[in-house]
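According to this note's numbering, the sequence shown holds residues 308 to 523 in order.
All residues carry an ideal CB built from backbone N, CA and C; glycine is no exception.
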Amino acid sequence: MSRLVETLTTGWRRPVTPRAGLAAWRSSRRERVLVEVGATVPGGVLRGAVALLGVLVLLLSGLTDVGPGGSGALRPLLLAGGVAALAVAVARPGGVATGALLVVVGVRLLQDEVAVDLRTCGLVLVVHLLVRTAALAAQARWGTRVEVALVAAELRALAVLQLGAQALTLTAAAVLASGVPGAGASWFRLGAVLAALAAVAVLGLGRWRPAEAGPT
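See the structure below:
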C-alpha cells in the first residue's frame with residue numbers, strides 16, 4: 308500500500324532546482340553594468356542652482372526693493388509668496404512651484420511701472436535660466452549624477468533662445484526711447500517685458516516632458 312501511494316504521488320512533486328543552478332541564478336541578478344560617462348555633478352548642485360537663480364529673480368524683479376511704489380502695500384505678501392514658491396521649487400523642481408514664482412513676479416510687474424533697461428534684460432535671462440535649470444533638476448534626485456555635457460548642451464540651447472528674447476527686450480527699450488506718449492508707454496513697456504518672460508517660460512517648460520520612470 309505504501310509503495311502504491313509513493314507511486315501515485317511521485318508525478319505530483321515539483322521539480323527541485325539544483326543548488327548550483329540556483330546560486331548561479333542569484334549571482335546573475337547581482338551583476339552590475341558599468342557605463343562610461345564624462346564629468347558629472349550631483350543633482351543637489353542643480354537644486355542649489357535653482358535656489359540661487361530664484362533669489363536673483365526676486366532681486367531683479369524688485370520684490371526686495373524698499374520704497375514707495377504701486378505694489379508697496381502688497382509687496383511684503385508678494386515677497387513671502389515668492390520665497391515660499393522658491394522653497395517648494397527647490398524641493399520639488401518638477402512641480403508647479405516654479406510657475407507660481409513667475410506668477411508672483413508678473414503680479415509685481417503689473418503693480419508698478421516697469422523700466423525696460425539692463426535690469427530687465429538680466430531678469431529675462433535669469434528667468435530663462437531658472438526655468439531650464441528647474442526642468443533639468445526635476446529629472447534627477449539629490450544624489451543622481453548628471454553629466455556635465457548634458458548641462459552644457461542645455462546652456463547652448465538656452466543661448467540661442469536668449470538671442471530672440473533679448474532682441475525683443477532691446478527693441479522695446481528702443482521704441483520707448485524714441486517716445487511713446489502717455490499711458491501708451493506704460494502699457495507697451497509692460498507688454499514687452501511680460502511677453503519676453505512668457506516666451507522664455509513657455510519655451511523652457513516645453514523643452515522637457517515628465518520621465519516615464521524615475522531615475523536610479
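Original post:
Expressed to the nearest angstrom, what Euclidean distance is found between the alpha-carbon atoms of Val525 and Trp449?
Top reply: Outside the displayed span of the chain (308 to 523) sits residue 525, for which this structure offers no information.
**OP:** Would you give the residue range spanned by the alpha helix (DSSP H) that Val390 belongs to?
**Re:** For Val390, the enclosing alpha helix (DSSP H) has its first and last residue at Arg382 to Ala398.
Subject >> Which listed residue (Gln469, Pro400 and Leu381) has its alpha carbon closest to that of Leu416 >> reply: Here the closest residue by C-alpha is Leu381.
Original post:
Span of the alpha helix (DSSP H) holding Val348?
Top reply: Val348 -> not in any alpha helix (DSSP H); beta strand (DSSP E) instead, spanning Thr347 to Pro349.
**OP:** Give me the Cα-Cα distance between Ala396 and Leu409, rounded to the nearest whole angstrom.
**Re:** Between Ala396 and Leu409, the C-alpha separation is close to 11 Å.
**OP:** List the endpoints of the continuous alpha helix (DSSP H) containing Val414.
**Re:** For Val414, the enclosing alpha helix (DSSP H) has its first and last residue at Ala404 to Gln418.
Subject >> According to DSSP, residues forming a beta bridge with Val453 >> reply: In DSSP, Val453 forms a bridge with Val348.
Original post:
So which of Arg439, Ala456 and Arg354 has the shortest CA-CA distance to Gln469?
Top reply: Considering only alpha carbons, the answer is Arg439.
Original post:
Between Gly389 and the rest of its own chain, which residues show a CB-CB distance below 6 Å, the 5 nearest in sequence each way excluded?
Top reply: Same-chain partners within the cutoff: Leu365, Leu370, Leu408 and Val411.
Original post:
How many Å lie between Leu367 and Ala456 at the Cα?
Top reply: When the Cα atoms are used, Leu367 and Ala456 turn out to be separated by approximately 29 Å.
Original post:
What residue from Thr478, Gln446, Ala466 and Ala479 has the CA that sits closest to Ala398's CA?
Top reply: Ranking the options by Cα distance to Ala398, first place goes to Gln446.
Original post:
Around the C-beta of Pro400, are 16 or more other C-beta atoms found within 10 angstroms, so that it is buried, or is it exposed?
Top reply: Burial call: buried.
**OP:** Assign Gly361 to one of three DSSP states: helix, strand, or coil.
**Re:** In the three-state reduction of the DSSP assignment, Gly361 falls in the helix class, which pools H, G and I.
Original post:
In its own chain, which residues sit with a C-beta less than 6 Å from the C-beta of Ala358, not counting the 5 before and 5 after it?
Top reply: Here the set comprises Val397.
Original post:
Taking Cβ to Cβ, would you say Thr478 is nearer than 8 Å to Cys428?
Top reply: No, they are not a contact pair.
Original post:
Taking buried to mean at least 16 other C-beta atoms within 10 Å of its own C-beta, is Leu437 buried or exposed?
Top reply: Flag for Leu437 reads buried.
Original post:
Ala356: buried (16+ other C-beta within 10 angstroms of its C-beta) or exposed?
Top reply: Buried: at least 16 other Cβ atoms inside 10 Å.
Subject >> Arg463 versus Arg452: straight-line alpha-carbon distance, rounded >> reply: Using only the alpha carbons, I get a separation of about 20 Å.
**OP:** Give the range of the alpha helix (DSSP H) segment to which Ala447 is assigned.
**Re:** Unbroken run through Ala447: none, as it is neither H nor E.
Original post:
Leaving out five residues before and five after Asp372 in sequence, what residues of the same chain have Cβ atoms less than 8 Å from its Cβ?
Top reply: Hits under 8 Å: Arg382.
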